Amino acid sequence: MSTKQKTPAAEGEQGASSPQTPLTLTEDASLDTTFDLLKNRRRRLVLRHLATASQPVSLSDLAEHIAAAENGIERDQLSSQQRKRVYISLYQSHLPKMDEAGAIQFDQDRGTISLTDTADSFYEYLDGAPDRTSSHGVPMSKEWRLAVALVTGAAYAAAAFSGLTVLASGAVFLFLCWFVVRNPFS
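Using the working numbering, the first residue of the sequence shown is number 42, and each one after it goes up by one.
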């Protein structure tokens, strides 16, 4: 139950043709969690770095990456103090909070961090968030996969219509095998 009330001015701004539906309590809490998580630069850097990683990242590697980004230097120029400061804050504060929110999976025993299936919902709110890509730079979004399926289907239909069904079937099969190998499903 929402305690927020609309003012007449606010209702007039929305216009009669496009009424805005109020957020439910769970949606509101979810947005609060998302924005609370993303208000910290280190957490945003964690998400951006993990978006480009094809496998779980070690805590030390992540700490080095973030320390270098924060200090505007290369990793090999970092002092041990710079690494340690970031490592400790990630381990004690940021990563457990992100794990609890469902953005990442933080295995403290192994010292590894990976994205969860729900991490994409956090990227909606990041400015300039990188697209999740494969190791070959091919976009991994559902839209990309749908586009490939539609183009492949259209090419097959055109080939089948022209009487090249066997040749088209072989070409489609080889293309789909190649695509699946290059773009493994998470």
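Just so it is clear, CB atoms sit at the ideal spot from N, CA and C, and this is done for glycine as well. Please read these numbers as outputs of a predicted model, since none were measured by experiment.
Counted as a single uninterrupted DSSP element, the alpha helix (DSSP H) harbouring D140 occupies residues 136-142.
R83 and L215 have their C-alpha atoms spaced approximately 43 Å apart. Here the alpha carbon of V87 sits roughly 17 Å from the alpha carbon of I114. For I154, the three-state secondary structure derived from DSSP is strand.
Counting other Cβ atoms within 10 Å of its Cβ, A160 reaches 16 or more and is therefore classed as buried.
Straight across, the Cα-Cα distance linking S121 with A109 is about 12 Å. Bounds of the alpha helix (DSSP H) holding I129 are 121-130. Annotation: the continuous beta strand (DSSP E) that includes I145 extends over 145-148.
Note that the stretch 198-216 does not touch the stretch 125-138; fewer than 3 beta-carbon pairs, one per stretch, sit closer than 8 Å. For F76, the closest alpha carbon among the candidates G194, A142, S210 is that of A142. Taken through DSSP and simplified to helix, strand or coil, S203 comes out as coil. Excluding sequence positions up to five before and after D140, its CB lies within less than 8 Å of the CB of Q146, F147, all in the same chain and listed in chain order.
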